[in-house]
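Here the protein sequences line up with chains A and B, keeping their order.
With full-length UniProt numbering applied, the first sequence covers 1 to 231.
With full-length UniProt numbering applied, the second sequence covers 1 to 231.
2 protein chains.
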Amino acid sequence: MADIPTAAISRLVTYLRILEQLEAQDISRTSSTDLAERAGVTAFQVRKDLAYFGRFGTRGMGYTVPILKRELVRVLGLNQTWNVVIIGMGRLGQAIANYPGASDYQFQYVGLFDVNPGIIGQRIRGLTVQHVQDLPDFTRHNRVDLGFIAVPPDRAQDAAQGLVDAGVRGILNFAPVVIQPRTLERGGLQEISDEWRAVIVENVDFLAGMKRLAFYTLNPHLKETPTLTEE
Amino acid sequence: MADIPTAAISRLVTYLRILEQLEAQDISRTSSTDLAERAGVTAFQVRKDLAYFGRFGTRGMGYTVPILKRELVRVLGLNQTWNVVIIGMGRLGQAIANYPGASDYQFQYVGLFDVNPGIIGQRIRGLTVQHVQDLPDFTRHNRVDLGFIAVPPDRAQDAAQGLVDAGVRGILNFAPVVIQPRTLERGGLQEISDEWRAVIVENVDFLAGMKRLAFYTLNPHLKETPTLTEE
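Structure representation (structure tokens):
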């Protein structure tokens, strides 16, 4: 599984979402051509992306929707429970906590944190919002797999450092800043510090989406469009 | 400017965000190596991505932060005003309307729409929330460049169709569904209908971010990591 481009992982996520929609419509068969059209890529791309992870479907026969869906769920690691804390419970944190579908994939919110005395102590989705300074103690007593950052931009780096210090190794950053790993000088070179080495940061950035949209709205001919190919 | 991969556009957006952070720290010079480390890609990738759009910087001298930033702003079309409507003014729509930074890029909210009588008539950021059935009339009397969809998943396709019918050609979809263009049968083939042909849909999907994070947290060795290279 070496050298799988990150864009392929993003596309797998899109294929999975399409398979869920097909299943909701009681459609039980699909093909790389069908998936490609719905995802806005080529059928060759679909087959190549899936081939990184094994052989799915039968040549010339397409795919069985629930089977391919189950396989993608497994590949993406969504068949296990992920315990999640949210740092920042303003409008954005609350929108995240209430975003539909997270619990379908066993993303379970186990702790909600803020610094605002007006929010701390409120109950949201059955959890009491805690002060972020209680995070280290919380992670000592509870398994936390992932941390979601929903704080203002100027607080995001500190929130990330707090999560990493508390032992959280997967971060989803909703703030419009690039989180930087802590670096140390070692033998005259800047190196990523040990506690950051295994940390994964993914971003959900509203502004990035707006900027991509602006670019493609001005340059629609540059948008990759599906080419109909034979299966 | 043909055949620029969508991943390159996403990376340009990341480089721009890094340049903004450098500028905020009063750092006036950078290099492809520096940008690469901060973005988590290779310096070769940075140079290749920038080369699609012209020659920036001087060989061996790196880049001047404000100049490269200005050029990326221009390339992405962010030096013009974008008039935006939001469809769906629940928690998510309100989080979007209040997300910091949108106005820095001249994304201007000009209309807010919902179907909930409890929300219609409320004033949010100086605008009165209107019923979504008033959207066609609104777009006849106001320039609308982009529409942001923040409705529940089962309403997203209808919201997109409403925007397209009202003449909006750029859509940012925050709902966790894949928006499908309307198709028509023509000569036995399914074809994308004329009004959808020029429509750009970009997605900001919280769940997609969560799924990518789950995958990379399980498979950290597959995360593209920067390779230090000489400029």
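Each residue gets a CB set at the ideal place from its N, CA and C atoms; glycine is no exception.
Closest by CA to residue i, which one among the options?
| i | options | result |
| --- | --- | --- |
| methionine 197 (chain B) | A:Ala208, A:Pro176, A:Ile200 and A:Pro220 | Reading off the sequence shown, one finds arginine at residue 197 (chain B), where the question assumed methionine. Among A:Ala208, A:Pro176, A:Ile200 and A:Pro220, the Cα nearest to that of arginine 197 (chain B) is on A:Pro220. |
| aspartate 104 (chain B) | A:Leu207, A:Leu218 and A:Asp104 | A:Leu207 |
| valine 65 (chain A) | A:Gly77, A:Ile18, A:Ala102 and A:Leu213 | A:Ile18 |
| arginine 182 (chain B) | B:Leu16, B:Glu191 and B:Gly93 | B:Glu191 |
| leucine 50 (chain B) | B:Thr81, B:Arg29, B:Ser10 and B:Gln21 | B:Ser10 |
| glutamine 106 (chain A) | A:Lys48, A:Arg74 and A:Ile124 | A:Arg74 |
| leucine 222 (chain B) | A:Val199, A:Gly93, A:Arg47 and A:Glu185 | A:Val199 |
| alanine 99 (chain A) | A:Arg125, A:Ile179, A:Ala156 and A:Leu76 | The sequence shown places tyrosine at residue 99 (chain A), rather than the alanine named in the question. Measuring from the Cα of tyrosine 99 (chain A), the nearest candidate turns out to be A:Arg125. |
| arginine 155 (chain A) | A:Ile179, A:Arg55, A:Leu35 and A:Val201 | A:Ile179 |
| arginine 169 (chain B) | A:Leu22, A:Phe215 and A:Ala95 | A:Phe215 |
| valine 201 (chain B) | B:Ala97, B:Gln157, B:Gly187 and B:Ile27 | B:Gln157 |
| isoleucine 171 (chain A) | B:Gly209, B:Leu189 and B:Gly187 | B:Gly209 |
Closer than 8 Å by C-beta to residue i: which residues in its own chain qualify, once you throw out the five before and the five after it? Chain order, please.
| i | result |
| --- | --- |
| glutamate 231 (chain B) | The predicted model places glutamate 231 (chain B) with a pLDDT of 30, which falls under 50 and marks its position as unreliable; any figure quoted below should be read in that light. Ser31, Ser32, Thr33, Ala43, Gly60 and Gly62, listed in sequence order. |
| serine 20 (chain B) | A small correction: the amino acid at residue 20 (chain B) is glutamate; serine does not occupy that position in the sequence shown. Same-chain partners within the cutoff: Lys69. |
| glutamate 195 (chain A) | Val164, Asp165 and Arg182 |
Please list, in chain order, the chain B residues whose beta carbon lies closer than 7 Å to that of residue i.
| i | result |
| --- | --- |
| valine 13 (chain A) | Ala208, Lys211 and Arg212 |
| alanine 102 (chain A) | Leu207 and Met210 |
| phenylalanine 107 (chain A) | Met210 |
| proline 152 (chain A) | Pro100 |
| alanine 95 (chain A) | Arg91, Leu92 and Ala95 |
| tryptophan 82 (chain A) | Ala214 |
By Cβ distance, which residues of its chain are closer than 6 Å to residue i, with the 5 residues on each side in sequence left out?
| i | result |
| --- | --- |
| alanine 159 (chain B) | Ile87, Ile149 and Val151 |
| valine 129 (chain B) | Met89, Leu112, Asp114, Ile119, Ile120 and Gln122 |
| alanine 166 (chain B) | Leu135, Pro136 and Thr139 |
| leucine 218 (chain A) | none |
| isoleucine 4 (chain B) | Tyr52 |
| proline 153 (chain B) | Ala175, Pro176 and Val177 |
| leucine 228 (chain B) | Confidence at leucine 228 (chain B) is low in this model, with a pLDDT of 36, below 50, so the placement of that residue should be treated as unreliable; the coordinate-derived value is given next. Contacts found: none. |
| glycine 93 (chain A) | Ile86 and Ala150 |
| leucine 184 (chain B) | Glu191 and Ser193 |
| leucine 16 (chain A) | Leu72 |
Is the CB-CB distance between residue i and residue j below 8 Å?
| i | j | result |
| --- | --- | --- |
| asparagine 203 (chain A) | asparagine 173 (chain A) | yes |
| glycine 57 (chain A) | leucine 68 (chain A) | yes |
| valine 110 (chain A) | asparagine 79 (chain A) | no |
| leucine 163 (chain B) | leucine 146 (chain A) | no |
| valine 144 (chain B) | valine 85 (chain B) | yes |
| threonine 6 (chain A) | alanine 39 (chain A) | no |
| glutamine 25 (chain A) | alanine 36 (chain A) | no |
| lysine 211 (chain A) | leucine 76 (chain B) | yes |
| arginine 29 (chain A) | arginine 91 (chain B) | no |
| alanine 95 (chain A) | alanine 102 (chain B) | no |
For residue i, return the contacting residues in chain A, with the cut-off set at a CB-CB distance below 8 Å.
| i | result |
| --- | --- |
| proline 66 (chain B) | Near proline 66 (chain B) there are no residues of chain A at all, since even the closest Cβ is about 18 Å away, more than 8 Å. |
| leucine 218 (chain B) | Gly77 |
| glutamine 21 (chain B) | Val177 and Val178 |
At 8 Å on the CB atoms, spell out the chain B contacts of residue i, in chain order.
| i | result |
| --- | --- |
| isoleucine 18 (chain A) | Val178 |
| lysine 223 (chain A) | Thr6 and Ile200 |
| threonine 30 (chain A) | Here the premise fails: no neighbours, minimum Cβ distance about 13 Å. |
Which bits of chain B does residue i rub up against, with CB to CB less than 9 Å?
| i | result |
| --- | --- |
| leucine 98 (chain A) | Looking at the sequence itself, residue 98 (chain A) is asparagine, so the reference to leucine does not match. Those within 9 Å of asparagine 98 (chain A) in chain B are Gly90, Arg91 and Leu92. |
| arginine 146 (chain A) | Just to set this straight, residue 146 (chain A) is leucine in the shown sequence, not arginine. Result: Met210, Leu213, Ala214 and Thr217. |
Leaving out the 5 sequence neighbours to the left and right, which residues in its chain are closer than 7 Å to residue i when beta-carbon positions are compared?
| i | result |
| --- | --- |
| valine 132 (chain A) | Ile87, Phe113, Asp114, Val115 and Gly162 |
| threonine 81 (chain A) | Gln106 and Gln108 |
| leucine 22 (chain A) | Thr30 and Val65 |
| alanine 8 (chain A) | Asp49 and Tyr52 |
Which residues of chain A have a Cβ atom closer than 9 Å to the Cβ of residue i, listed in chain order?
| i | result |
| --- | --- |
| leucine 172 (chain B) | Phe206, Gly209, Met210, Arg212 and Leu213 |
| arginine 169 (chain B) | Thr217 and Pro220 |
Give me the chain A residues within the contact set of residue i, using Cβ-Cβ distance strictly less than 7 Å, ordered along the chain.
| i | result |
| --- | --- |
| arginine 38 (chain B) | Val178 and Gln180 |
| isoleucine 9 (chain B) | Arg212 and Phe215 |
Report task. Any chance you could list the alpha helix (DSSP H) runs of at least 4 consecutive residues sitting entirely within the segment 30 to 74 of chain B, in chain order? Result -> 32 to 39 and 43 to 51
Requested in this report: Just list the beta strand (DSSP E) runs in the UniProt domain "CoA-binding" (77 to 178) of chain B, keeping only unbroken ones of 3 residues or longer that don't cross its boundaries, in chain order.
Outcome: 82 to 87, 107 to 114, 146 to 149 and 170 to 173
Query - Ordered list of beta strand (DSSP E) runs contained in the segment 185 to 211 of chain B, each at least 3 residues - result: 189 to 192 and 200 to 203
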